[in-house]
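Presented below is the structure to which this report refers.
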Amino acid sequence: MQAMRELLEEHDHDDLIELRSELNSQIEEWRAEYDVDSVDEIQKDPVEGPDAREWRLVAYRHSIVEEAIEWVEGRSQ
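Residue numbering for the sequence shown follows our numbering, beginning at 1 and increasing consecutively.
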């Protein structure tokens, strides 16, 4: 909840949309690089560990950004 509050204080709707796009791009790059659909498929390989951790963090941030966008859009209706 705190993370979403901070996002809402620091970003307007357009910024949130742009941030979501950037996070999506990063996730898509990892999917292409590792030829997988999810982080779970690379986490089993210890060599890929750091990217797996980063991917999980980006996925978490993406979910918070999505919630913030939904909240902003819900308030504007």
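Quick reminder that beta carbons are idealized off the backbone N, C-alpha and C, glycines included. These numbers come from a predicted model, not from an experiment.
What residue from 12, 4, 58 and 14 has the CA that sits closest to residue 28's CA?
The shortest C-alpha separation from residue 28 is found at 58.
Thinking residue 20 and residue 69 are a contact (beta carbons under 8 Å), I'd like their distance in whole angstroms, please.
Right, their Cβ atoms sit about 7 Å apart.
Specify the secondary structure class of residue 79 as computed by DSSP and reduced to three states.
The shown model of the chain, from 1 to 77, leaves out residue 79, and the question about it has no answer.
If we call anything under 8 Å between Cβ atoms a contact, is residue 16 one with residue 7?
In contact: residue 16 and residue 7 (Cβ atoms closer than 8 Å).
Whole angstroms is fine: what's the gap from residue 4's alpha carbon to residue 65's?
Straight-line Cα distance between these residues: approximately 7 Å.
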